[in-house]
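S.K.: Residue numbers for the sequence shown follow numbering that gives the first Met the number 0, so the first one is 0 and each next one is one higher.
Handing you a structure now.
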Amino acid sequence: MDLKKLRYFIAVAEELHFNRAAKKLNITQPPLSQQIQSLEEELGVKLLERPKRQVRLTSAGAIFLEESRNMVAQLERSIKITQLASQGKFGQLSIAFVDSASGSLMVNALKKFRERFPDVKLTLFEMTSVQQLKAIHEGKVHVGFLRCADPSIHITSRLYTNESLMAVLPQTHPLAHHSTLSLRSLADESFICLRLIWELLFITSYWTFADNTDFSLKSYRKPFKCIRSLTW
Numbered sequence: 000m001d002l003k004k005l006r007y008f009i010a011v012a013e014e015l016h017f018n019r020a021a022k023k024l025n026i027t028q029p030p031l032s033q034q035i036q037s038l039e040e041e042l043g044v045k046l047l048e049r050p051k052r053q054v055r056l057t058s059a060g061a062i063f064l065e066e067s068r069n070m071v072a073q074l075e076r077s078i079k080i081t082q083l084a085s086q087g088k089f090g091q092l093s094i095a096f097v098d099s100a101s102g103s104l105m106v107n108a109l110k111k112f113r114e115r116f117p118d119v120k121l122t123l124f125e126m127t128s129v130q131q132l133k134a135i136h137e138g139k140v141h142v143g144f145l146r147c148a149d150p151s152i153h154i155t156s157r158l159y160t161n162e163s164l165m166a167v168l169p170q171t172h173p174l175a176h177h178s179t180l181s182l183r184s185l186a187d188e189s190f191i192c193l194r195l196i197w198e199l200l201f202i203t204s205y206w207t208f209a210d211n212t213d214f215s216l217k218s219y220r221k222p223f224k225c226i227r228s229l230t231w
């Protein structure tokens, strides 16, 4: 049974007139009648009655009409989904992000993506930059919003935005009068910060000074937890 026969039957069943159905399908009546007859023979069921040039659905024909509409609609949907999937416009996309990127940056990016690809289901994971690189390498996530991508790991990366990292110091601190600070200048300081910010500092210092074994950031203190929700 092919799709053409179903479409022909639906047209005749809706019009209840072979001539009108043929015009609707842009074919002549004889081929249409042959296709309906072939369909009935294939099913072994009478779908239409034709008393005195009239056309009526049999009880089986009425049920088959509803099923035919469903089958055609499902097939058309399957074709559309397959075509969209081949274009990257349907399916699932797993996105990882660092906690500090879960504000307006992520919301705006996800909103734009939703507008452009409404049929793609998004799954979000909060991960550190190191966890993201591992997950991407292992194929567990497709895209990551991370900081300071390790150049030794072969992944495709693109700069999305630049942000400044601020250090808050007492007015009496020797470095307080500097407008900018390097990580090296903070190497001997004790930090009070969120765990994820500390990881960012550690990762940045490691990849920046990997060839210098004398440089490392000291321990830190974690004063509180931050809980954030992300909606778009």
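Every residue gets a Cβ at the ideal spot worked out from N, C-alpha and C, and that includes glycine.
These numbers come from a predicted model, not from an experiment.
Taking the CB atoms as reference points, tell me whether Gln131 and Ala95 lie closer together than 7 Å.
M.R.: Closer than 7 Å, so yes.
S.K.: Shortest alpha-carbon distance to Leu182 belongs to which of Gln170, Ser163, Arg68?
M.R.: Ranking the options by Cα distance to Leu182, first place goes to Ser163.
S.K.: Which of the three DSSP states is assigned to Ala108 in this structure?
M.R.: Helix.
S.K.: So what does Phe144 bridge to, in DSSP terms?
M.R.: For Phe144, which the question treats as bridged, DSSP gives the partners Phe96.
S.K.: Quick check: what's the CA-CA separation for Ala61 versus Leu46?
M.R.: Approximately 8 Å, taken between the alpha carbons.
S.K.: Closer than 7 Å by C-beta to Phe17: which residues in its own chain qualify, once you throw out the five before and the five after it? Chain order, please.
M.R.: So the qualifying residues of the chain are Val11, Gln28, Leu31, Ser32, Val54.
S.K.: Are there three or more Cβ pairs, one per stretch, closer than 8 Å when the segment 112-127 is compared with the segment 84-95?
M.R.: The segment 112-127 is in contact with the segment 84-95.
S.K.: Which residue spans inside the segment 15-92 form an unbroken alpha helix (DSSP H) run of at least 4?
M.R.: List check, alpha helix (DSSP H) in window: 17-24, 28-42, 58-85.
S.K.: Using C-beta distances below 6 Å, list every residue in its chain close to Lys4, excluding the 5 sequence neighbours before and after it, in chain order.
M.R.: So the list reads Gln34, Leu38, once near-sequence residues are dropped.
S.K.: Of all the options Ser99, Ile26, Glu14, Val106, which has the alpha carbon lying nearest to the alpha carbon of Leu64?
M.R.: Answer by Cα proximity: Glu14.
S.K.: Within this structure, are the beta carbons of Glu40 and Met0 separated by less than 7 Å?
M.R.: No, these two residues do not count as a Cβ contact at 7 Å.
S.K.: Flag this pair as yes or no: are the beta carbons of Glu66 and Thr57 separated by less than 7 Å?
M.R.: No. Outside cutoff.
S.K.: Can you check which of these residues, Ser103, Asn107, Asp98, is closest to Phe124 by C-alpha distance?
M.R.: Comparing Cα positions, the closest option is Asp98.
S.K.: With a cut-off of 8 Å on the beta carbons, I'd call Thr160 and Leu104 a contact; round off their distance for me.
M.R.: That pair is a contact at about 6 Å.
S.K.: Between the alpha carbons of Met70 and Thr122, how many angstroms are there, rounded?
M.R.: Each residue's alpha carbon lies about 31 Å from the other.
S.K.: I need the boundaries of the alpha helix (DSSP H) containing Leu132, first residue and last residue.
M.R.: 128-136 is the span of the alpha helix (DSSP H), which, as asked, contains Leu132.
S.K.: Can you have a look at Ala100 and say buried or exposed, based on whether 16 or more other CB atoms are within 10 angstroms of its CB?
M.R.: Looking at its Cβ environment, which holds 16 or more other Cβ atoms inside 10 Å, Ala100 is buried.
S.K.: Which whole-angstrom value describes the C-beta separation of Val44 and Ala59, a residue pair presumed to lie in contact below a C-beta threshold of 8 Å?
M.R.: Correct: roughly 5 Å between the Cβ atoms.
S.K.: Hey, how far is the Cα of Val129 from the Cα of Ser77?
M.R.: If I take the Cα positions, the gap works out to 39 Å.
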